[in-house]
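S.K.:
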Amino acid sequence: MTHEDWRTIRHRLRSPVLCFVALLLLLGVNVLLGVYAPFRWRNIWMIEAGIAVAMVLIVLVFSMELVREPPVIRLFAGVGFYWLVILFSLTLLDYLTR
Amino acid sequence: MSPSDTALRDPLTPRPTLGRPDDYLHSEHTLRSWLLTHDHKRIGILYLLSITFFFIIGAIAAGLVRLSLIVPNGMIFSNDTYNRLFSIHGIVMVWFFLIPSIPNTFGNFLLPIMIGAKEVAFPRLNLLSWYIFMVASLFTLADVVIGGVDTGWTFYAPFSTTFSSAWVVPALIGVIVVGFSSILTGLNFVVTVHTMRAPGMTWFRMPIFVWTMYATSLIFLLATPVLTITMLLLLMERGFHIGVFNPAIGGDPVLFQHMFWFYSHPAVYIMVLPGMGVISEVVPAFAQRRLFGYRFVAYASIALATVTFLVWGHHMFVNGMSEYASIAFSIMSFVVAVPSAVKVYNWTATMYKGAIKLRTPMIFAMGYVGLFVVGGITGLYLATLGVDEHVHDTYFVVAHFHYIMVGGTSIAFLAGLHYWWPKFTGRMYPEPWGVVAALFIFIGFNATFFPQFILGYLGMPRRYHEYPPEFQILNVLSSVGATILGAGYLFPMIYLVWSLRFGDPAPANPWDAKGLEWTIASPPPEHNFARVPQVDFEPYDYSEREQRT
Amino acid sequence: MNLSQYPLLLWPPAASAIAQETDWLILAWTALALLLVAPVFVGMTWFAFHFRAGRNVHRGVREGRNHLLEVGWMVIPFVLTLIFFAWGARVFDEDWHPPAGATEIHAIGRQWMWKFQHPGGQSEINDLHVPLGQPIVISEISQDVIHSLYIPAMRIQMETLPDRYTRLWFKADRPGVYRMFCSEYCGTDHSKMDGELYVMKPADYEAWLAHAGTADSLAAEGKVLFSSYGCAGCHLPGATVRAPSLAGVYGNPVPMADGGTIVADDSYIRDKILDPDARKVAGYKQIMPSFKGQIPEDRLVPLIAYIKSLGAPNAEPNGEPTP
Amino acid sequence: MSGAAVPVGIEVAEHFQDANQQRHAAVFGMWLWLATELLLFSGLFLVAIVVRVMYPDAVTAVALHLKFWIGATNTAVLICSSLTMSAAIELSRLGWRRGMLACMLATASLGTLFLALKGYEYWRDYVEHMTPFFGFRPYVLSGDRATQLLVDDYFIITGLHGLHLTTGVSVLLGLAWIARRPSFLRHHQHRVEVFGLYWHFIDLIWISVFPILYLLNR
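Protein chains in written order, with my numbering: chain A, 38 to 135; chain E, 37 to 585; chain R, 270 to 592; chain B, 223 to 440.
1) Taking the alpha-carbon of A:L61 as reference, which of A:W43, A:E102 and A:I95 has the nearest alpha-carbon?
2) If distances are taken between C-alpha atoms only, which option among R:E490, R:G357, R:T372 and R:L466 comes closest to R:P571?
3) By a C-beta neighbour count over all protein chains shown, 10 Å radius and 16 as the cutoff for buried, is E:G222 buried or exposed?
4) Since I believe B:Y361 is in contact with B:H351 (beta carbons under 8 Å), could you give me their beta-carbon distance rounded to a whole number of angstroms?
5) Identify, in the order they occur along the chain, each residue of the same chain with its Cβ nearer than 8 Å to the Cβ of R:I415, setting aside the five sequence neighbours on each side.
6) Taking 6 Å as the limit between beta carbons, can you name the residues of its chain near E:W457, skipping five residues before and five after?
7) Any idea which residues DSSP pairs R:C451 with across the strands?
8) Measuring only between beta-carbons, confirm whether E:W348 sits less than 9 Å from chain A.
9) If you draw a straight line from the C-alpha of R:A288 to the C-alpha of E:V533, how long is it?
10) Would you report the Cα separation of E:F113 and E:S515, rounded to the nearest angstrom?
11) Which chain A residues sit within Cβ distance under 7 Å of E:M357?
12) Any idea what DSSP makes of B:P360, helix, strand or coil?
13) Under three-state DSSP, which class holds E:G412?
14) Report the option in B:V249, B:T380 and B:V373 whose CA atom is closest to the CA atom of E:I285.
15) Between E:P100 and E:L121, what straight-line distance do the alpha-carbon atoms span, to the nearest angstrom?
16) Quick one: using the 10 Å Cβ neighbour count with 16 as the cut-off for buried, is E:V378 buried or exposed?
17) R:A547 versus chain B: which residues are under 7 Å apart at the beta carbon?
18) For E:L48, which residues of its own chain have a beta-carbon under 7 Å away from its beta-carbon, when the five flanking residues on both sides are left out?
19) Interface residues of chain R around E:M402 at Cβ under 7 Å?
20) May I ask which residues mark the beginning and end of the alpha helix (DSSP H) holding R:L397?
21) Going by beta carbon distance, what residues of the same chain come within less than 6 Å of R:D535, once the five residues before and after it are set aside?
22) What do you reckon, are the CB atoms on E:N144 and E:H65 nearer than 9 Å?
23) 9 Å is my cut-off, CB to CB: does E:Y360 come that close to chain A?
24) Is the stretch 276 to 285 of chain B touching the stretch 382 to 389 of chain B, taking contact as three or more C-beta pairs under 8 Å?
25) Which chain D residues sit within Cβ distance under 9 Å of A:L127?
26) Identify the contact partners of B:H383 in chain E, using a Cβ-Cβ distance below 9 Å as the criterion.
27) Excluding sequence positions up to five away, which residues of its chain have a Cβ less than 8 Å from the Cβ of B:V275?
28) Cα separation between B:A398 and B:A235?
29) Determine, using beta carbons only, whether A:L124 comes closer than 9 Å to chain E.
30) Starting from A:T134, find everything on chain E with Cβ-Cβ shorter than 7 Å and list it in chain order.
31) In chain B, which residues lie with their C-beta within 8 Å of the C-beta of E:V280?
32) Once you ignore the five residues that flank B:V391 on each side, which residues in its own chain have a CB closer than 7 Å to its CB?
33) Could you pull out every residue in the same chain whose Cβ sits closer than 8 Å to the Cβ of E:F507, ignoring the five residues on either side in sequence?
34) Closer than 6 Å by C-beta to R:I538: which residues in its own chain qualify, once you throw out the five before and the five after it? Chain order, please.
35) Looking only at C-alpha atoms, which of E:L174, E:L177 and E:P194 sits nearest to R:D413?
36) Starting from E:F432, trace the alpha helix (DSSP H) both ways and give me its first and last residue.
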């Protein structure tokens, strides 16, 4: 391994390592919230869900490199989630108004 | 007219064999060359043979159901036999005929040619898809015929999970597995359309058939997995008592219906959209006119594929869903009618000032438009809450969806089969027989299903083995119609096979139609195009004809 | 009227005002539909003959598009059909909300029969007798699979779900005998799960009730069951175990241990009997055993009817402890 | 550039025009497949959410019986495996075959670790009588029948995820076996990338499963 090799690899692995650190930090926050629940708030699940969404987005955009893909692939990555929203929202429309 | 056309039209000119690659049918003759082929055209033909077989099975079951319903007291078959017959009919027709019918046969054969590609993007996956289809469908067929399944094609919980004593588990496995065939085909088509178009083939130069294939593939991709998981949940519940719908532990069978119809309503558009695609090819070809409002029809295809995911609740208005959800689903169902109406009006307008040739495909196409309109309008009746409360789960529904699926998909399938038969096989079908078959089918179909609208409004529930005597005359009428319809289906099966040997050799473009598939020989050479076509023309460009007359 | 005398029926009898309205709805709908599809049918037929190939007619070159026309035939039919959405939704809404003071009849579906229980304690199998001019609410529940009670003459049906009450209502305005069906496929003898609806003049109905009558009303029958299942041992005032009094519970909000409240309706009381652990009531220790599998559906109906009949007592307002 | 690097590229199949088109098609196809996988799992998530709406108490009771710490550890394990997978992809682009192989094997090991922990968790569930579907074994939460709904859903979700992960590990090992040949990266470099998408996606599913089952309901 030459010096230049190390520089290449540091450069290439910067983004994966940053993702890794960010994901672990977010997971840590979520675990803390889950275990200690620092304040008794009924709707704490909203924060937890928000953090989970952030983690999913990090994986999608950086780990799966959506940021580098052409628009059409980004579109189809989004379509899957959009359809998930359709399924959830219309089904819950029934359950929440029964 | 291209030089190859002249060569083929003159019967005295020997088939050119040298300097030109063999066509896809004659390049190799071994069974192995068919079963291991990666050629999208051969895979299309394999599908064509398979779904014809399943159509025959489903049609026989339908015939026996109609036979049973001639008498009101159900003395021809036992109640369990009757329930199994309509379940066979539903399962086989929906999953093994209607859903793969046009996409997997015509789609496979034509989609790459229409966009000027040599192949689909993933040829091996395409073959795998056929094998998955065959294994799953034969497995399911063996189950429903030998073991018998009495749940209907809808598998409503908790009947299917707890109370039915039939062989439900193998049928569920079959339906789960066959879904992967749909998914792989859809995936292949979407990637093919996005990445394999010939130079110059922009999105708005694609024929409508390609647009509808694309829209259908989107539904394949986005709806089928939800069916897979729903059926898997049923399977776990029935097979291993790991249940989430079981009311005995507080589960909600209505949730099953939500998940089931999230797939099964869009599945209707898997059946309808390809039919619309076929008609959008046939009508301009036989009217020799540009398709009226091409862009609107193209957008309507994508709109249908999207909006169809928002309306599944109209199957559940009286199934214990909340009132607000029902109203929301009702109004969204009205929205779906808009893109469908666009297409119907556009086809009609296309014929205006055309030079119309009433050949078999065109007769089928006109029959299609008529029947589809009836099916569509009655669909709106059913989306109307006050009406659905009365006719839900009656023969009105049965008639409605047969107008869509038989009047729509099957007749469009026949229209396309006749239209592209010369391209597939290199032979012409006998024209007079085609016209006779089309008339038989049109008359037989209406005689079968129109009385069922009345029966439904009178209140005869569907899936009834015995019924009150005042419904008998209409039921007999319907069964007589089914006989005519059955005879109508027999004709093409006979004369199309006959034409393989005795039909006239087909020129490259027997209809003077536009589109890349008509620029290559019939049947097409193995790699479709000798060189990659440069597309510099609009779709349905019949302006030459229009200027001539 | 006896339907089976008709060799060929083309329009079903309508026995309620809503049924007649539904008929008008579908007729008007059909009129609009014909208006919308006539251009397609007439146009196609006429074009097919007039513009057939080889015929010398003026064709000319025409644009392949006309935006105004296309947007027009998209929007105008849509707006017209919305009238029927609104009308249909109105009928549906009316069918969803029974009027106050309707007589409640309980229907229990099971493979493959219906059991109806009248408020007076009379019960019948498959057939149902109802008085003319009186709104009838049918509260349905299934013991096994999903069924659906369908009365074509009232143009109405509602699914009968296991483990949950659903309801439909109608007000018959023409005496006669009408058909009832199970319209949701429910197995082997699905098609035999039908019966007849007898709409009778009020006097005849009273006579029928007296003839078919049992000794006790549903609530009275429920009171006996209340004791025999041991409910009274805990829930009556003065019992040794501290259980909530049931007086006046029905129809009122009940505070839950997790902070919310639930209005005590039929489904809630049924759930509490069968599955008392599910959502705990505030202020009480949950010690009640589950009666799942011990009380059949047709006995739950009188029990609930009894609990419903318990008015608010003077001593304990609402029967709820103040938290 | 290092001497360890081998040439990297894509062998163009007959029906494609160039390597770019082929790579794009492969990545596109994988994304579509992942969209279907997402909708596959969405049905199970939907069940979990509906059960939570219907029976909030029962859901909390179940969540307290799930092995929260194993779930959390497993999330961390998968996040680590995502890192090694990303590293394998980057090294494959550089043509550093040995490093890539090492990263692939590390990824497979982390996946196996996940499966082992999951198996241990199932065993704990069994010991703690959290298996209502075994008729021969009393169920610890039998007082509240609705709890079974979430427990059943939990087993189906984790089972299906485990199945995906098992497939992932097997394919990864197979890929590593093929990739040991020096010519692999010259012809099929894109396969590593396409497989990487699948691996990250399994990770993504678990990142959603963990809060939906273990965390939000507590």
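Where a beta carbon is used, it is the ideal one built from N, C-alpha and C, also for glycine.
M.R.: A quick look at the data gives this:
1) A:I95
2) R:E490
3) buried
4) 6 Å
5) E428, T429, L430, P431, E453 and C455
6) Y465
7) R:L418
8) yes
9) 53 Å
10) 15 Å
11) D131
12) coil
13) helix
14) B:V373
15) According to the sequence shown, residue 100 of chain E is Leu rather than Pro. E:L100 and E:L121: Cα-Cα distance of roughly 7 Å.
16) buried
17) Y277, D279, A280, D366 and A368
18) Its pLDDT being 45, under 50, E:L48 is placed unreliably in this model, and the value from its coordinates should be taken loosely. Correct list: empty, nothing qualifies.
19) M313 and A317
20) Premise fails: R:L397 lies in the beta strand (DSSP E), L397 to P400, not in any alpha helix (DSSP H).
21) Y434 and I573
22) no
23) yes
24) no
25) No chain D appears in the structure shown, which is made up of the protein chains A, E, R and B.
26) What B:H383 touches in chain E: nothing, since even the nearest Cβ is about 12 Å away.
27) none
28) 22 Å
29) yes
30) S358, Y360 and A361
31) V269, V273, L371, D374, D375 and I378
32) A330, G333 and T334
33) P108, L491, L494 and M496
34) I573 and I576
35) E:P194
36) Y431 to I440
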